[in-house]
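Since the structure comes first, as structure tokens, the remarks are kept for the end.
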Amino acid sequence: MTVARTDFSDRELLSWWQSAYDNNRLLRNTFFQSPTWNHGWHRCFVENDARRELLLLRIDDSHGIAAVAPLFLQQRRTAGFAVWRYVLFLADRLAQYTDLVTTRSDVAELWKVVRSWIAAELPDTWIQLHDILPESSAKTAGIHPDEILHGDPYLRLVLEGRDEDSFLQHCAPHMQREISRARRRFEAETDLTWEAVSSPTPALVESLISLNRARFGSASWFEAAQARDFFHSVCARAGSDVLFTVLRHRSAVIHVMCSYVHDSEMLYVLSGMNEDWKRLSPGSMNLDLSIRHALRSGYRGFDFLRGDEAYKREFNPAERRSEHWVLHTGTSARRYRLATGLRRAAGIVQGGGA
Numbered sequence: 173m174t175v176a177r178t179d180f181s182d183r184e185l186l187s188w189w190q191s192a193y194d195n196n197r198l199l200r201n202t203f204f205q206s207p208t209w210n211h212g213w214h215r216c217f218v219e220n221d222a223r224r225e226l227l228l229l230r231i232d233d234s235h236g237i238a239a240v241a242p243l244f245l246q247q248r249r250t251a252g253f254a255v256w257r258y259v260l261f262l263a264d265r266l267a268q269y270t271d272l273v274t275t276r277s278d279v280a281e282l283w284k285v286v287r288s289w290i291a292a293e294l295p296d297t298w299i300q301l302h303d304i305l306p307e308s309s310a311k312t313a314g315i316h317p318d319e320i321l322h323g324d325p326y327l328r329l330v331l332e333g334r335d336e337d338s339f340l341q342h343c344a345p346h347m348q349r350e351i352s353r354a355r356r357r358f359e360a361e362t363d364l365t366w367e368a369v370s371s372p373t374p375a376l377v378e379s380l381i382s383l384n385r386a387r388f389g390s391a392s393w394f395e396a397a398q399a400r401d402f403f404h405s406v407c408a409r410a411g412s413d414v415l416f417t418v419l420r421h422r423s424a425v426i427h428v429m430c431s432y433v434h435d436s437e438m439l440y441v442l443s444g445m446n447e448d449w450k451r452l453s454p455g456s457m458n459l460d461l462s463i464r465h466a467l468r469s470g471y472r473g474f475d476f477l478r479g480d481e482a483y484k485r486e487f488n489p490a491e492r493r494s495e496h497w498v499l500h501t502g503t504s505a506r507r508y509r510l511a512t513g514l515r516r517a518a519g520i521v522q523g524g525g526a
């Protein structure tokens with residue numbers, strides 16, 4: 173196998189990548205492995221950031237393209253020099269299923285050549301992998317990380333073999349009552365309508381952003397213009413892989429959820445709600461209607477992704493726990509210790525100042 177550094181102008185690579193994604197041939201096969209997601213994140217969060225640099229690695233073997241590693245370099249610079257740098261997957265901590273993009277099963281060999289290339293070409297650079305789950309290629313490759321930190325719970329509803337009634341019966345008693353009440357309210361409020369919208373319009377995307385910002389204020393992920401631009405771009409380019417489930421009172425949107433849909437999985441990402449309609453519990457109403465849509469559509473799962481919110485637990489989902497890994501290459505351990513020590517010292521100073 174050979175490894176070469178490339179970029180998103182590599183037409184052969186993008187053609188292979190898009191085809192493998194469209195035909196569900198990727199080993200790790202979620203929306204977060206799509207070229208749309210990765211290219212969009214690069215454009216909005218890497219391309220114009222002096223602290224970041226694209227590290228898109230193409231791996232070929234005798235049969236052609238074997239994989240792509242969608243990575244970037246995060247750097248700490250002082251007086252024009254890189255003090256340290258480390259490797260992350262594109263959209264680290266935002267994309268919740270980051271991984272190598274490959275159709276091959278020999279992931280151990282893929283990881284071996286990627287790590288060897290980084291060690292040779294980027295000495296003193298470590299690899300930082302977040303959200304490693306049991307199905308992550310780094311886990312199945314048998315890699316032994318130099319450092320492991322506990323990660324987060326990932327909660328997913330298994331929908332196979334269930335219908336709308338058995339799904340409800342599987343919920344905790346409090347959620348059963350909440351959903352039953354939401355269903356009665358939806359039937360009684362004749363001005364309420366619901367629909368699932370693939371390929372949402374820019375106006376609908378903006379409605380979600382506005383409702384989310386109004387509800388969460390400065391804590392909203394959309395507070396940054398960069399994040400708003402990225403979300404608009406992804407929704408415009410991803411087509412039917414983006415699904416909005418929309419609850420309206422007459423023509424006014426009162427609750428909207430965004431999910432990414434690929435390979436019979438529905439990944440629930442975020443939502444927006446008009447607080448003026450809180451009395452109707454529109455969040456519970458829309459969540460129930462969205463899960464029922466997933467059931468009717470034949471999806472295998474409704475994925476809550478990362479997070480341990482109480483309402484998710486009341487659906488009695490399946491749980492996986494993630495880990496965060498550090499992999500050293502060459503002499504990177506020394507710089508990693510330096511970086512870790514300085515960060516801790518900065519935290520002490522900030523804490524004392526507060």
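Counted the way our numbering counts, the sequence shown spans residues 173 to 526.
Idealized CB from N, CA, C, for every residue including glycine.
1. Grouping DSSP H, G and I as helix and E and B as strand, with all else coil, what is residue 416?
2. Exposed or buried, residue 255, counting other C-beta atoms within 10 Å across all chains shown (16 or more means buried)?
3. Using a C-beta cutoff of 9 angstroms, does residue 371 count as contacting chain C?
4. For the segment 203 to 216 against the segment 410 to 422, are there 3 or more C-beta pairs whose distance is under 8 angstroms?
5. Based on Cα-Cα distance, which residue from 513, 175, 372 and 187 lies nearest to residue 403?
6. Give every residue of the same chain whose Cβ lies closer than 6 angstroms to the Cβ of residue 463, excluding the five residues on either side of it in the sequence, and list them in chain order.
7. Go through its chain and collect everything with a Cβ distance to residue 175's Cβ below 6 angstroms, but skip five positions before and after it.
8. Using the rule of at least 16 other Cβ atoms within 10 Å of the residue's Cβ for burial, across every protein chain shown, is residue 374 buried or exposed?
9. Leaving out the 5 sequence neighbours to the left and right, which residues in its chain are closer than 6 angstroms to residue 237 when beta-carbon positions are compared?
10. State the DSSP-derived secondary structure class of residue 355, mapped to helix, strand or coil.
11. In chain order, what residues of the same chain have a beta carbon less than 6 angstroms from the beta carbon of residue 511, not counting five sequence neighbours either side?
12. For the alpha helix (DSSP H) holding residue 193, just list the boundary residues, first then last.
13. Can you list, in chain order, the residues of its chain with a C-beta nearer than 7 angstroms to that of residue 239? Leave out the 5 residues immediately preceding and following it.
14. When DSSP builds the beta bridges, which residues end up paired with residue 430?
15. What distance in whole Å lies between the Cβ atoms of residue 265 and residue 246, which are believed to be in contact at a cut-off of 8 angstroms?
16. Check this for me: beta carbons of residue 314 and residue 493, under 9 angstroms apart or not?
17. For residue 332, collect the residues of the same chain with a Cβ closer than 8 angstroms to its Cβ; drop the 5 residues on either side in sequence, then sort them by chain order.
18. On the DSSP bridge assignment, give the partners of residue 558 in chain order.
19. Only counting the same chain, and skipping five residues up and downstream in sequence, which positions put a Cβ closer than 8 angstroms to that of residue 398?
20. Can you tell which of 478, 311, 469 and 393 has its C-alpha closest to the C-alpha of residue 335?
21. What are the start and end residues of the alpha helix (DSSP H) that includes residue 286?
22. Run through DSSP, which three-state label would residue 380 get?
23. For residue 442, which residues in the same chain have their Cβ closer than 6 angstroms to its Cβ, ignoring the five residues on either side in sequence?
24. Use the C-beta contact count for residue 523: other C-beta atoms within 10 angstroms, 16 or more gives buried, fewer gives exposed.
25. With a CB to CB cut of under 6 angstroms and the five nearest residues on each side skipped, what residues in its chain are close to residue 438?
26. I need the straight-line Cα distance from residue 309 to residue 241, nearest angstrom please.
27. Considering only their Cβ atoms, is the gap separating residue 497 from residue 304 smaller than 9 angstroms?
28. To the nearest angstrom, how far is the alpha carbon of residue 361 from that of residue 425?
29. Identify the residues that DSSP records as bridge partners of residue 230: which are they?
Let me lay it out:
1. Assignment of residue 416 by DSSP, reduced to helix, strand and coil, places it in the strand class.
2. Residue 255 comes out exposed.
3. Reference to chain C is not applicable here, since this structure consists of a single protein chain.
4. A contact exists between the segment 203 to 216 and the segment 410 to 422.
5. Selected option, being the one with the closest Cα: 372.
6. Same-chain partners within the cutoff: 474.
7. Excluding residues within five positions, the ones whose Cβ falls inside 6 angstroms are 229, 231, 285 and 289.
8. Exposed.
9. Excluding sequence positions up to five before and after residue 237, its CB lies within less than 6 angstroms of the CB of 188, all in the same chain and listed in chain order.
10. DSSP places residue 355 within a helical segment (H, G or I) once states are collapsed to three.
11. Counting only Cβ-Cβ distances below 6 angstroms, and skipping sequence neighbours, we find 256.
12. Per DSSP, residue 193 belongs to the alpha helix (DSSP H) from 183 to 194.
13. A distance below 7 angstroms between beta-carbons, with the five flanking residues on each side excluded, links residue 239 to the following residues of its chain, in chain order: 231, 272, 273, 274, 276 and 282.
14. Residue 430 pairs with 416 and 442.
15. Contact between residue 246 and residue 265 is ruled out by a C-beta separation of about 11 angstroms, above the 8 angstroms threshold.
16. Taking 9 angstroms as the cut-off, the Cβ atoms of residue 314 and residue 493 do not count as close.
17. Taken in chain order, the residues that qualify are 472 and 473.
18. Because the chain in this structure spans residues 173 to 526, residue 558 falls outside the shown range and cannot be described.
19. Answer for residue 398: 216 and 217, listed in chain order.
20. Out of 478, 311, 469 and 393, 469 has the C-alpha closest to the C-alpha of residue 335.
21. Run containing residue 286: 279 to 293, per the alpha helix (DSSP H) assignment.
22. Collapsing the DSSP output to three states places residue 380 in a helix.
23. Annotation for residue 442: 430 place their beta carbon closer than 6 angstroms to its own, counting only its chain and skipping 5 residues before and after.
24. Note on residue 523: pLDDT 33, under 50, position unreliable in the model; no value is reported.
25. Cβ within range, chain order: 431, 466, 471 and 474.
26. Near 11 angstroms, if we compare the C-alpha coordinates of residue 241 and residue 309.
27. With a cutoff of 9 angstroms on beta-carbon distance, residue 304 and residue 497 are scored as near each other.
28. C-alpha separation (whole angstroms): 15 angstroms.
29. Under the DSSP definition of a beta bridge, residue 230 partners with 176 and 240.
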